[in-house]
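If you count by our numbering, then the sequence shown holds residues 2 to 251, one letter each, in order. Glycine included, every Cβ here is placed at the ideal spot set by N, Cα and C. First up is the structure itself, then whatever we jot down about it.
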Amino acid sequence: MKREAAVILLEFLLLALLLGAFCYRRWNEEKRTENSSVSVEQASGWETKTVRGAASDQKTGDGEEDFIKIALTFDDGPHPFYTEQLLDGLKERGVAATFFVTGEHASLHPDVIERMHEEGHLIGNHTYSHIQLKSTNRETFKEELVKTNQVIREITGEEILFVRPPYGTWDKALEEELNMIPVLWNIDPLDWCSKNVSCIVQRVTSKARENAVILLHDYYETTVTAALQIVDSLLEQGYTFVTVDEILLE
Ligand SMILES: [Zn+2]
């Protein structure tokens with residue numbers, strides 16, 4: 002009996018260790034971007050490129066702004082269940098968000114993409130298969146962006162202007178080649194790694210500021226719950242949710 006308990010404990014510790022290692026690895030990969038301009042060090046042979054950050058301190062008009070803009074962005078979807086749940090909550094609150102979808106998920110769930118479009122959300126490109134740009138796969142990466150633009154355009158009829166490169170790795174030359182604008186982020190609560198709703202909410206609301214871009218993933222139930230709590234809390238603080246074009250193209 003004691004031996005069995007020891008084995009269970011050992012298995013539990015091993016599992017915790019594996020989970021910790023996985024989260025640490027993803028955290029490292031997700032080059033966190035706290036600044037408006039981010040230098041991404043590429044693999045050998047590549048120059049350091051400067052990527053235009055999402056919330057660069059841009060002018061907000063002639064001082065006549067009477068609301069504080071902030072943008073919610075969701076990556077990796079659409080998810081057949083959680084994204085719909087999120088869309089319901091955003092609709093109830095009259096809030097618009099930006100969704101960076103993969104071509105793969107978009108072609109599996111075109112109805113969800115259509116709904117996003119109809120309900121006033123902005124749709125951006127997150128590659129076809131969630132590929133990370135490396136020195137060895139630039140052409141494939143570019144093809145994935147083109148293919149995903151096609152998938153989305155076939156559903157919504159709209160051109161895609163914004164791209165969120167997976168893991169924040171980008172090549173500035175692609176902006177002209179594809180006529181696309183990269184969108185990074187300022188607030189990353191690492192929601193994919195946390196099952197703790199209040200922790201995600203706290204991480205976001207404590208860092209909220211004008212023109213910030215919040216990174217979340219509509220692929221987890223906890224994120225949907227947290228996102229709607231974030232919306233309620235920031236609305237109460239006087240924020241207005243906008244899509245990223247309203248922050249970047251001012
Ligand atoms: Zn992603």
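Subject >> Distance, E251 Cα to T61 Cα >> reply: Here the model assigns T61 a pLDDT of 41, short of 50, so the residue's position is not dependable, and the following value carries that caveat. One Cα belongs to T61, the other to E251, and the distance between them is close to 7 Å.
**OP:** Look at the Cβ atom of D219, then the Cβ atom of G78, and state whether they are nearer than 8 Å.
**Re:** A contact, by the Cβ cut-off of 8 Å.
Original post:
Are the region 73–90 and the region 102–121 in contact at 8 Å, needing three or more beta carbon pairs?
Top reply: The answer is yes - the region 102–121 touches the region 73–90, with three or more Cβ pairs under 8 Å.
Original post:
Taking buried to mean at least 16 other C-beta atoms within 10 Å of its own C-beta, is V8 buried or exposed?
Top reply: When all chains shown are included, V8 counts as exposed.
**OP:** Taking 8 Å as the cut-off, decide whether the C-beta atoms of A98 and V214 are in contact.
**Re:** For A98 and V214, no; Cβs fall outside 8 Å.
Subject >> Length at least 4, wholly inside the region 94–145: the alpha helix (DSSP H) runs in chain order >> reply: Runs of the alpha helix (DSSP H) spanning 4 or more residues and lying entirely within the region 94–145 occur at 104–109 and 111–119, in chain order.
Subject >> Cβ-Cβ distance between K70 and E247 below 8 Å >> reply: Their beta carbons are under 8 Å apart, which means K70 touches E247 by this criterion.
Original post:
Between the Cα of L146 and the Cα atoms of L217, K196, P183 and Q86, which residue gives the shortest distance?
Top reply: L146 has its Cα closest to that of P183, out of L217, K196, P183 and Q86.
Subject >> Environment of L185 [buried if 16+ CB atoms lie within 10 Å] >> reply: By the C-beta density criterion, L185 is buried, having at least 16 other C-beta atoms within 10 angstroms.
Subject >> Given 8 Å, three or more beta-carbon pairs between the region 198–205 and the region 152–161 >> reply: The region 198–205 is not in contact with the region 152–161.
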